[in-house]
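In full-length UniProt numbering, the protein residues as written are 1 to 213.
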């Protein structure tokens, strides 16, 4: 890439982040001041205090962008057999040597690492998915599943109580001990069946044997 019209040297890691911006330079996101500010803030950390690049406006990502577009065009012109052969050759090379900066991202993907990308909302490099992040996510998933299971149990209980109330509504007034015994057997609060007025009215049934019918 160029800085103040002159070519600058970048390490593989620095070049990788520059490439992330270069491929987005013609998008609406790359024109947002906040996007640019966040990108430069994170890139400057990777560049280091002594690096020549200090500001965004003197940066010219066109050489990297052109390289990227040229590579895409080349691949489009290849036949399926040629693309397969090229892919196999690259895999062989990557097994022997560490790839150069612009290929580091692709190499990381093949090693099972998430590729670096810029967040379209704020321009910051997206964090790689670490085992710690996976554990935290898994805990959140488990908590959500527990809540769903509890909600389902509550819904089932409510449905069962509603069915019981409908099926025994007439019997309740003839012999409310049936409902009281059922609640005791299933450890269901009697308040779920009787409101306060009915509890007062049927107080004499509270000592019923749970095994009675």
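In this text, a Cβ means the ideal position worked out from N, Cα and C, and glycines have one as well.
Close beta carbons around residue i, own chain, < 6 Å, minus the five adjacent residues each side
i           : result
residue 207 : none
residue 58  : 3 and 4
C-beta atoms of residue i and residue j nearer than 8 Å
i           : j           : result
residue 17  : residue 36  : no
residue 177 : residue 205 : yes
residue 209 : residue 181 : yes
residue 1   : residue 61  : yes
residue 86  : residue 78  : yes
Classification of residue i by the beta-carbon crowding that lies within 10 angstroms, buried from 16 upward
i           : result
residue 19  : buried
residue 155 : exposed
residue 14  : buried
residue 22  : buried
residue 10  : buried
residue 148 : exposed
residue 179 : buried
residue 193 : buried
residue 141 : exposed
Own chain residues within Cβ distance below 7 Å of residue i, not counting five before or after
i          : result
residue 65 : 22, 23 and 25
residue 75 : 83
Extent of the continuous alpha helix (DSSP H) run through residue i
i           : result
residue 72  : 62-77
residue 182 : 177-185
8 Å Cβ shell around residue i - same chain, five flanking residues per side excluded
i           : result
residue 220 : Only positions 1 to 213 of the chain appear in the structure, and residue 220 is not among them; the question remains open.
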